[in-house]
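Line by line, the protein sequences give chains X and Y. Each residue of the first sequence is one higher than the one before, counting from 31 in my numbering. Each residue of the second sequence is one higher than the one before, counting from 31 in my numbering.
2 protein chains.
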Amino acid sequence: MMRKCSGQFGTLSGARIKLGVKELKKQSIGIGLMGLGVVGGEVARVLMDKAEVLAEQVGCPLVLRKVKVLESDLAKPQAKEMGLQLFTTDADEFFAEPEMDIVVEAIGGEEPALDYLKRALSGGKHVVTSNKEVIAKHGAELFALAQQYGVGLRCEASVGGGIPLIAPFQQDLVANKISGIYAIINGTTNYILTRMAREGTDFASALKRAQELGYAEANPEDDVDGIDATYKLAILASLAFHCQVQPQDIHCEGISRLDSRDFKYARELGFAIKLLAIAKQGDSWIEVRVHPVFIPEESLLAKVDGVYNAILVEADLVGKVLFYGEGAGALPTSSAVVADVVSAAQDIIAGGGSRARWRLEPGKIIKPMSELETRYYLRLNVADRPGVLAQVSKVLGDHLISISSVIQQAADSVSQTAEIVIMTHPAQEREMQQALDELGHLASVKQICNFIRVEA
Amino acid sequence: MMRKCSGQFGTLSGARIKLGVKELKKQSIGIGLMGLGVVGGEVARVLMDKAEVLAEQVGCPLVLRKVKVLESDLAKPQAKEMGLQLFTTDADEFFAEPEMDIVVEAIGGEEPALDYLKRALSGGKHVVTSNKEVIAKHGAELFALAQQYGVGLRCEASVGGGIPLIAPFQQDLVANKISGIYAIINGTTNYILTRMAREGTDFASALKRAQELGYAEANPEDDVDGIDATYKLAILASLAFHCQVQPQDIHCEGISRLDSRDFKYARELGFAIKLLAIAKQGDSWIEVRVHPVFIPEESLLAKVDGVYNAILVEADLVGKVLFYGEGAGALPTSSAVVADVVSAAQDIIAGGGSRARWRLEPGKIIKPMSELETRYYLRLNVADRPGVLAQVSKVLGDHLISISSVIQQAADSVSQTAEIVIMTHPAQEREMQQALDELGHLASVKQICNFIRVEA
Numbered sequence: 031m032m033r034k035c036s037g038q039f040g041t042l043s044g045a046r047i048k049l050g051v052k053e054l055k056k057q058s059i060g061i062g063l064m065g066l067g068v069v070g071g072e073v074a075r076v077l078m079d080k081a082e083v084l085a086e087q088v089g090c091p092l093v094l095r096k097v098k099v100l101e102s103d104l105a106k107p108q109a110k111e112m113g114l115q116l117f118t119t120d121a122d123e124f125f126a127e128p129e130m131d132i133v134v135e136a137i138g139g140e141e142p143a144l145d146y147l148k149r150a151l152s153g154g155k156h157v158v159t160s161n162k163e164v165i166a167k168h169g170a171e172l173f174a175l176a177q178q179y180g181v182g183l184r185c186e187a188s189v190g191g192g193i194p195l196i197a198p199f200q201q202d203l204v205a206n207k208i209s210g211i212y213a214i215i216n217g218t219t220n221y222i223l224t225r226m227a228r229e230g231t232d233f234a235s236a237l238k239r240a241q242e243l244g245y246a247e248a249n250p251e252d253d254v255d256g257i258d259a260t261y262k263l264a265i266l267a268s269l270a271f272h273c274q275v276q277p278q279d280i281h282c283e284g285i286s287r288l289d290s291r292d293f294k295y296a297r298e299l300g301f302a303i304k305l306l307a308i309a310k311q312g313d314s315w316i317e318v319r320v321h322p323v324f325i326p327e328e329s330l331l332a333k334v335d336g337v338y339n340a341i342l343v344e345a346d347l348v349g350k351v352l353f354y355g356e357g358a359g360a361l362p363t364s365s366a367v368v369a370d371v372v373s374a375a376q377d378i379i380a381g382g383g384s385r386a387r388w389r390l391e392p393g394k395i396i397k398p399m400s401e402l403e404t405r406y407y408l409r410l411n412v413a414d415r416p417g418v419l420a421q422v423s424k425v426l427g428d429h430l431i432s433i434s435s436v437i438q439q440a441a442d443s444v445s446q447t448a449e450i451v452i453m454t455h456p457a458q459e460r461e462m463q464q465a466l467d468e469l470g471h472l473a474s475v476k477q478i479c480n481f482i483r484v485e486a
Numbered sequence: 031m032m033r034k035c036s037g038q039f040g041t042l043s044g045a046r047i048k049l050g051v052k053e054l055k056k057q058s059i060g061i062g063l064m065g066l067g068v069v070g071g072e073v074a075r076v077l078m079d080k081a082e083v084l085a086e087q088v089g090c091p092l093v094l095r096k097v098k099v100l101e102s103d104l105a106k107p108q109a110k111e112m113g114l115q116l117f118t119t120d121a122d123e124f125f126a127e128p129e130m131d132i133v134v135e136a137i138g139g140e141e142p143a144l145d146y147l148k149r150a151l152s153g154g155k156h157v158v159t160s161n162k163e164v165i166a167k168h169g170a171e172l173f174a175l176a177q178q179y180g181v182g183l184r185c186e187a188s189v190g191g192g193i194p195l196i197a198p199f200q201q202d203l204v205a206n207k208i209s210g211i212y213a214i215i216n217g218t219t220n221y222i223l224t225r226m227a228r229e230g231t232d233f234a235s236a237l238k239r240a241q242e243l244g245y246a247e248a249n250p251e252d253d254v255d256g257i258d259a260t261y262k263l264a265i266l267a268s269l270a271f272h273c274q275v276q277p278q279d280i281h282c283e284g285i286s287r288l289d290s291r292d293f294k295y296a297r298e299l300g301f302a303i304k305l306l307a308i309a310k311q312g313d314s315w316i317e318v319r320v321h322p323v324f325i326p327e328e329s330l331l332a333k334v335d336g337v338y339n340a341i342l343v344e345a346d347l348v349g350k351v352l353f354y355g356e357g358a359g360a361l362p363t364s365s366a367v368v369a370d371v372v373s374a375a376q377d378i379i380a381g382g383g384s385r386a387r388w389r390l391e392p393g394k395i396i397k398p399m400s401e402l403e404t405r406y407y408l409r410l411n412v413a414d415r416p417g418v419l420a421q422v423s424k425v426l427g428d429h430l431i432s433i434s435s436v437i438q439q440a441a442d443s444v445s446q447t448a449e450i451v452i453m454t455h456p457a458q459e460r461e462m463q464q465a466l467d468e469l470g471h472l473a474s475v476k477q478i479c480n481f482i483r484v485e486a
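Pasting the structure below:
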């Protein structure tokens with residue numbers, strides 16, 4: 031079934047391309063792999079197990095030439111199976127490999143991955159990476175470097191595991207102006223929220239269960255505080271809106287302040303609670319934020335449970351499209367990495383430079399969070415005496431926040447407090463923050479238990 | 031913002047490619063459009079309205095060179111806006127246009143579209159089509175022709191409107207072995223089923239409403255009988271499984287035999303009823319079928335309502351991924367067509383032939399429907415007398431069909447009949463068909479009202 035390459039193929043390195051010379055037929059595409067962890071190990075396995083199918087797709091074999099590993103990786107059974115001569119712990123030796131057309135980076139983290147990616151690109155290698163942090167923080171610089179050296183930089187695996195997302199933004203939706211992205215892109219938090227919603231458990235025990243099952247790390251802050259989601263949203267928003275959104279541009283709130291009572295009220299009011307990564311685009315502005323939201327329980331995103339991810343895109347031509355699947359894990363991530371490798375190999379064989387581009391349009395500003403306009407859910411613990419609701423309503427009214435519904439729970443006779451839940455009509459974030467501040471100073475308000483934005 | 035093309039680009043026509051000569055820099059990509067109906071008109075509009083963004087993406091402008099229309103189209107305001115010199119009603123004149131690199135076919139139907147597509151491909155033009163019928167019936171022949179002439183044949187818009195589906199199968203999921211496709215790919219039937227489920231209306235009035243709203247045609251048979259879904263499934267299965275599935279290979283049942291009572295029981299039993307296009311692949315076999323199914327009400331596909339489409343794909347690496355969006359309409363379809371045009375233009379500029387391939391692996395057989403094994407829902411109208419359920423159970427038991435649950439409705443005193451609803455454990459289709467035949471001959475069974483397969 032293996033088909034030999036035919037026809038004249040382009041040359042590979044930046045230097046050679048500048049000479050404009052067409053050289054040899056390409057007999058194979060050489061791959062260098064950095065990292066033999068969960069993702070890297072699986073990528074190596076797929077490249078070998080599926081060599082025949084992949085060669086058929088590309089037109090010639092993809093051959094693993096060199097693997098950069100840590101000392102500790104050399105003891106792994108997989109390393110021995112693959113043949114130790116493939117491995118090096120030395121980056122210089124790795125980059126000295128002459129038959130390497132594509133570098134796959136599966137190390138993760140900011141450094142030394144960033145340094146390696148720059149070395150690969152400026153050495154004229156096409157690059158495939160699953161590294162969300164590096165792309166989120168340094169994407170613009172790296173894409174510019176790729177363009178300078180006439181090679182491709184691909185990062186499909188950096189967001190949403192095996193779910194096709196980057197390619198759709200760069201290719202399938204290319205004729206669209208994208209107006210909004212609404213994404214569940216962190217499996218750990220979605221698992222925790224699903225347990226809290228289904229079982230009425232509190233945050234701490236849902237997190238503990240997620241850790242026991244391996245869905246959350248021992249240090250879960252990156253996930254539960256929303257940091258991981260900001261990396262992924264920065265990448266999606268940058269590609270969709272043709273600009274450079276940095277993680278620190280994104281307003282970010284995690285899920286740890288959610289209480290089982292919020293889920294109870296959400297259900298009563300017809301909502302689910304999800305950690306959403308939201309990006310919207312207007313003519314001159316971009317809005318980017320990650321925080322818990324109320325979404326209508328009949329919406330598709332509300333049905334996305336457990337560790338699954340889903341990304342809803344709104345655009346002028348295509349309307350609403352949604353992509354759903356496993357957002358992490360070795361197998362789905364390797365699916366995306368290998369697809370990128372095949373695409374890079376096809377670029378190399380076509381010889382016309384890379385199609386993987388990051389188009390930048392200047393002039394968009396990031397809208398300050400204070401200008402957000404949305405509906406709010408508000409849960410307050412108040413003194414159980416007459417006139418309190420009137421006081422609360424007055425503070426909200428003073429800030430032009432109008433109430434759409436109120437639930438008042440039967441008072442607790444021991445503490446002499448009552449719980450009030452308020453849903454507002456659309457209001458401005460600046461006004462809401464000021465109102466919350468004033469409510470906090472009212473003697474009758476014992477505690478502002480929570481406030482959650484609503485996304486319709 | 032417009033960027034000039036740079037670098038050496040490949041030549042275009044099949045004949046020239048054979049000479050292996052590199053000629054001029056490409057200053058623009060010429061488009062020929064066939065058809066100015068709902069889709070064609072919108073494609074023309076997008077190509078003009080978004081010219082700048084598309085040129086940026088491709089590297090040089092996409093220029094509409096010639097539009098093949100019907101006499102009646104010439105009176106359209108759009109034709110006058112675009113300038114009548116662009117138009118011709120004569121196919122020979124259309125194909126004689128020298129500056130045409132890509133032909134977009136938006137005529138629909140089998141002929142003359144098939145003839146035009148062959149002319150375009152054998153004339154060395156890259157082709158983009160939204161024509162599901164031609165691709166479903168003649169895909170293999172047309173892809174072979176494209177390969178022979180070194181050009182691309184793209185058909186993203188033929189299935190699922192603007193939802194990226196073909197590209198994911200051909201690119202993003204390229205490292206996967208796809209085991210199953212479960213698709214809601216006909217908006218008309220999904221709209222009708224949604225109304226029947228929500229409002230308890232019968233098929234005839236739900237169809238009438240769909241026709242009034244323009245969601246169903248005056249002659250709705252292609253949609254409601256499942257024909258349209260078989261075209262789309264033939265395309266998806268062929269691409270996903272690397273084989274040639276013809277529409278006539280697909281077992282097909284429409285939705286007209288569904289009754290409001292079936293929806294009532296489905297809800298009681300925890301299911302939704304959807305018209306699913308299902309394709310599964312084993313080592314040596316393929317299973318392809320379109321018919322109404324019971325699916326668990328908590329599954330994502332069960333939540334896909336109205337005219338929306340959704341396609342669930344199961345594969346070895348990526349697990350489950352789902353694509354959701356508007357499956358029809360001028361805007362979404364034009365999104366897919368124009369994305370294909372951009373991709374073809376990028377191929378032309380890269381000069382290395384086309385990436386759009388249809389890989390064929392021989393040796394798969396289509397599993398006969400009789401070998402299907404699944405659960406069944408069965409609704410019977412029986413005489414209201416003792417021992418009837420025992421008779422029915424015996425017939426099923428004789429065919430190794432075991433019952434998982436039974437609902438028996440209170441008898442109707444006038445007709446002296448009762449309704450029995452049976453859910454079975456997994457059973458073989460051959461046995462079920464024989465059992466249905468025998469049940470039909472029992473004196474106590476007045477009518478086999480319906481039987482519906484269950485997909486877990």
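Virtual Cβ for every residue (Gly too), placed ideally from N, Cα, C. In this text the structure is predicted, and so the values were computed from the model without any measurement.
Using the Cα positions of residue i and residue j, report the straight-line distance between them to the nearest angstrom.
| i | j | result |
| --- | --- | --- |
| X:Met26 | X:Gly190 | Only positions 31 to 486 of chain X appear in this structure, which leaves residue 26 of chain X out of reach. |
| X:Asp292 | X:Phe117 | 52 Å |
| X:Glu283 | Y:Leu331 | 31 Å |
| Y:Ser188 | X:Arg389 | 28 Å |
| Y:Ile433 | Y:Leu243 | 41 Å |
| X:Val99 | X:Met64 | 6 Å |
With respect to the alpha helix (DSSP H) encompassing residue i, which residues constitute its N-terminal and C-terminal limits?
| i | result |
| --- | --- |
| Y:Lys110 | Pro107 to Met112 |
| Y:Leu361 | Ala360 to Ala380 |
| X:Met462 | Glu459 to His471 |
| Y:Leu144 | Ala143 to Ser152 |
| X:Leu63 | No alpha helix (DSSP H) contains X:Leu63, which is instead part of the beta strand (DSSP E) from Ile59 to Met64. |
| Y:Thr260 | Ile257 to Phe271 |
Sort the options by Cα distance to residue i and report the nearest one.
| i | options | result |
| --- | --- | --- |
| X:Gly357 | X:Ser314, X:Phe117, X:Leu94 and X:Ala259 | X:Ala259 |
| Y:Leu66 | Y:Leu104, Y:Glu186, Y:Asp313 and Y:Ser188 | Y:Leu104 |
| Y:Val204 | Y:Pro398, Y:Ala236 and Y:Phe271 | Y:Phe271 |
| X:Ile10 | X:Ser364, X:Ala227, X:Thr231 and X:Gln311 | The shown model of chain X, from 31 to 486, leaves out residue 10 of chain X, and the question about it has no answer. |
| X:Gly62 | X:Gly113, X:Pro128 and X:Glu86 | X:Pro128 |
| X:Ile478 | X:Glu468, X:Ala240 and X:Glu485 | X:Glu468 |
| Y:Val88 | Y:Gln376, Y:Gln463 and Y:Leu94 | Y:Gln376 |
| Y:Leu306 | Y:Val451, Y:Pro322, Y:Thr454 and Y:Glu123 | Y:Pro322 |
Just to check my reading of the structure: residue i and residue j have Cβ atoms closer than 8 Å, yes? What is that Cβ distance to the nearest angstrom?
| i | j | result |
| --- | --- | --- |
| Y:Ser209 | Y:Glu403 | Actually they are not in contact, since the Cβ atoms of Y:Ser209 and Y:Glu403 sit about 16 Å apart, beyond 8 Å. |
| X:Val320 | X:Leu237 | Actually they do not touch by this definition, with Cβ atoms about 18 Å apart. |
| Y:Val134 | Y:Val367 | 6 Å |
| X:Ala436 | X:Lys476 | This sequence places Val at residue 436 of chain X; Ala is not what is there. Actually they are not in contact, since the Cβ atoms of X:Val436 and X:Lys476 sit about 17 Å apart, beyond 8 Å. |
Beta strand (DSSP E) containing residue i: first to last residue?
| i | result |
| --- | --- |
| X:Asn411 | Glu403 to Ala413 |
| X:Asn1 | Residue 1 of chain X falls outside the range modelled here, since chain X spans only 31 to 486, and no answer is possible. |
| Y:Arg95 | Leu92 to Lys98 |
| X:Glu344 | Tyr338 to Ala345 |
| Y:Arg483 | Val475 to Val484 |
| Y:Leu237 | Run containing Y:Leu237: none in the beta strand (DSSP E); it sits in the alpha helix (DSSP H), Phe233 to Glu242. |
| Y:His321 | Trp315 to Pro326 |
| Y:His156 | His156 to Thr159 |
request  = Would you check if the region 172-179 of chain Y and the region 192-212 of chain Y touch, i.e. whether three or more CB-CB distances between them fall below 8 Å?
outcome  = no
inquiry  = Under 8 Å, with one C-beta from each stretch per pair, do the region 259-268 of chain Y and the region 160-169 of chain Y reach the 3-pair mark?
reply    = The region 259-268 of chain Y is in contact with the region 160-169 of chain Y.
query = Between the region 212-228 of chain Y and the region 335-354 of chain Y, do at least 3 Cβ pairs fall closer than 8 Å?
reply = yes
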